[in-house]
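Structure record follows, encoded as structure tokens.
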DNA sequence: GTTTCAAGAGTTGTGTACATCTAGGGGAGG
DNA sequence: CCTCCCCTAGATGTACACAACTCTTGAAAC
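Chains as they are written, first to last, in this note's numbering: chain A, 28 to 258; chain B, 28 to 258.
Pasting the structure below:
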């Protein structure tokens with residue numbers, strides 16, 4: 028069809044551009060490149076992505092519907108703040124949904140997926156050996172979540188799980204500096220090892236329950252740390 | 028502040044208008060006033076609500092994100108079709124979420140809510156006495172769902188439940204003409220009576236489980252009927 | 001008669017100017 | 001010095017004109 032020498036994307040649908048911008052902004056928010064409270068300028072974003080304000084506004088509206096930004100007329104578009112107590116309900120729901128994934132038509136991961144998880148564990152060990160890095164932890168966590176999400180066969184459940192994950196992922200990164208990073212790396216590695224064992228057995232039900240357990244414990248550790256910080 | 032003689036809404040925020048239009052269009056789609064496959068004209072809607080295409084487009088984009096319409100460049104905005112087999116995953120998820128509502132910080136309904144449920148049962152009896160009406164059934168069902176939803180204390184769970192409900196509510200109305208309307212009214216009344224009993228006992232956990240049971244049986248009846256129609 | 005292609009109508013997507021709103025600063029009055 | 005009010009800067013919301021895209025229709029070529 029087209030004679031593009033590099034790849035296969037010369038048409039570039041409007042939707043593709045929109046999704047691309049959305050993904051970039053979402054990642055920036057979740058990785059705290061756009062910290063809570065930051066004001067996003069529609070014009071600056073339009074300039075960065077070489078479009079007008081119109082498509083940028085569509086993306087920002089979508090981010091607002093998902094709770095990542097707050098658009099206020101006459102004021103600006105503000106990255107929403109994340110507070111542990113406000114996200115407690117989201118966490119409780121995530122626990123239950125994690126346990127559900129094994130019951131609703133789970134997807135058996137292929138050999139490549141297992142290798143990717145093994146690679147994540149290896150990367151975790153490399154990180155643990157050197158200087159511990161918050162950002163690296165967040166990236167590993169997000170990559171592992173992607174593997175878990177791929178095992179959720181029920182499409183609406185997968186979409187919901189991802190949405191809730193993006194809502195809560197920031198709080199981890201925010202509290203990480205106040206926590207024992209060594210302990211978090213260790214717990215995260217343990218989770219991946221246990222889940223990998225269940226995956227090898229094809230026991231997705233157990234994957235869901237393991238996931239539930241570790242989300243819960245991670246939440247409890249944050250609660251304890253946040254409680255200590257407030258005293 | 029203002030001297031409006033009638034009510035208290037002269038400012039009319041942009042968001043309020045947007046939410047209002049969204050609710051109207053969503054109800055029209057869910058009540059099949061806009062049947063599946065119908066093409067919505069942005070200009071006509073803009074004219075009807077006395078605004079330009081811009082705010083209309085925002086609403087349509089939101090409806091698309093929730094799966095109720097499909098926007099195609101150069102073609103139009105089409106009301107999505109609903110097929111029972113495609114919605115099976117949504118139904119399975121709704122079952123599990125219904126059972127969850129009792130476990131995640133449920134809200135005890137007040138006396139007024141109990142009276143409203145009693146009124147719904149009375150309305151159901153009135154309908155059953157006269158000529159059975161599909162639309163009346165759909166409205167009763169939606170009103171009852173609103174009461175159930177109000178008992179869901181976990182806010183993200185409530186939002187998700189409502190979203191999934193709007194995605195599946197149309198299929199019931201669509202299949203209703205091929206089903207035993209008398210039986211559906213009877214089953215629906217039975218569900219309300221049972222749930223009312225649990226509500227009176229303050230047993231929201233049982234409300235969730237009852238809800239789960241009846242959603243499941245309703246789904247099974249539709250499956251049987253749809254299967255019979257295909258033969 | 002069949003096929004193909006081009007032109008047109010009609011739709012959504014984008015760009016841009018302007019309307020509307022909010023927050024903050026500065027000056028007059030007390 | 002404090003308080004209040006107005007005004008301006010800068011943000012989002014809206015309206016409208018135009019670009020990009022799809023489908024249909026009809027006529028011309030074979």
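All C-beta atoms, glycine included, are put in the ideal place defined by N, C-alpha and C.
What you are looking at is a predicted structure, and each value in this text was computed from that prediction instead of being measured.
Enclosing beta strand (DSSP E) for residue i [first to last residue]
i: residue 105 of chain A; result: 103 to 106
i: residue 99 of chain A; result: 96 to 99
Delimiting residues of the alpha helix (DSSP H) encompassing residue i
i: residue 50 of chain A; result: 41 to 57
i: residue 199 of chain A; result: 182 to 202
i: residue 150 of chain A; result: 138 to 156
i: residue 135 of chain A; result: Looking at the DSSP string, residue 135 of chain A is not in any alpha helix (DSSP H), and its letter there is neither H nor E.
i: residue 171 of chain A; result: 161 to 177
i: residue 215 of chain A; result: 208 to 227
i: residue 115 of chain A; result: 115 to 127
Among the options, nearest to residue i - alpha-carbon criterion
i: residue 252 of chain A; options: A/79, A/111, A/83, A/101; result: A/111
i: residue 216 of chain A; options: A/104, A/150, A/239, A/236; result: A/150
i: residue 206 of chain B; options: B/230, B/174, B/254, B/235; result: B/254
i: residue 129 of chain B; options: B/250, B/239, B/54, B/197; result: B/239
i: residue 92 of chain A; options: B/140, B/153, B/183; result: B/183
i: residue 98 of chain A; options: A/134, A/113, A/66, A/109; result: A/66
i: residue 249 of chain B; options: B/222, B/225, B/203; result: B/203
i: residue 170 of chain B; options: B/104, B/113, B/148; result: B/148
i: residue 59 of chain B; options: B/118, B/107, B/191; result: B/107
i: residue 44 of chain A; options: A/227, A/104, A/221, A/79; result: A/79
i: residue 198 of chain A; options: A/140, A/48, A/234, A/245; result: A/245
i: residue 87 of chain A; options: A/53, A/116, A/113, A/118; result: A/53
i: residue 114 of chain A; options: A/191, A/186, A/46, A/236; result: A/191
i: residue 223 of chain B; options: B/160, B/168, B/140; result: B/140
i: residue 143 of chain B; options: B/188, B/226, B/154, B/46; result: B/226
i: residue 19 of chain B; options: B/46, B/237, B/208, B/236; result: Summary: the structure shown does not reach residue 19 of chain B, with chain B confined to residues 28 through 258, and so no result is reported for it.
i: residue 219 of chain B; options: B/173, B/200, B/186; result: B/173
i: residue 117 of chain B; options: B/104, B/146, B/89, B/94; result: B/94
i: residue 137 of chain B; options: B/47, B/228, B/39; result: B/228
i: residue 109 of chain B; options: B/195, B/185, B/188; result: B/195
i: residue 21 of chain A; options: A/126, A/135, A/56; result: Nothing can be reported for residue 21 of chain A: it is not among the residues displayed for chain A, which extend from 28 to 258.
i: residue 185 of chain A; options: A/49, A/157, A/126, A/230; result: A/126
i: residue 234 of chain A; options: A/134, A/90, A/40; result: A/134
i: residue 168 of chain B; options: B/48, B/189, B/46; result: B/189
i: residue 193 of chain A; options: A/230, A/157, A/49; result: A/49
i: residue 145 of chain B; options: B/90, B/89, B/221, B/46; result: B/221
Beta-ladder partner(s) of residue i, from DSSP
i: residue 89 of chain A; result: DSSP output for residue 89 of chain A lists no bridge partner at all.
i: residue 67 of chain A; result: A/104
**OP:** Would you check if there are 3 or more beta carbon pairs closer than 8 Å linking the region 207 to 220 of chain A to the region 164 to 171 of chain A?
**Re:** Yes: at least three Cβ pairs fall under 8 Å.
**OP:** Could you tell me whether the region 55 to 74 of chain B touches the region 177 to 190 of chain B, where touching means 3 or more Cβ pairs closer than 8 Å?
**Re:** Verdict: no, contact absent.
Original post:
Counting Cβ pairs closer than 8 Å, one from the region 79 to 91 of chain A and one from the region 61 to 70 of chain A, do we hit at least three?
Top reply: yes
Original post:
Is the region 50 to 66 of chain A in contact with the region 121 to 139 of chain B, if contact means three or more CB pairs nearer than 8 Å?
Top reply: No contact exists between the region 50 to 66 of chain A and the region 121 to 139 of chain B.
Original post:
Can we say the region 226 to 241 of chain B touches the region 100 to 107 of chain B, given the rule of at least three CB pairs closer than 8 Å?
Top reply: no
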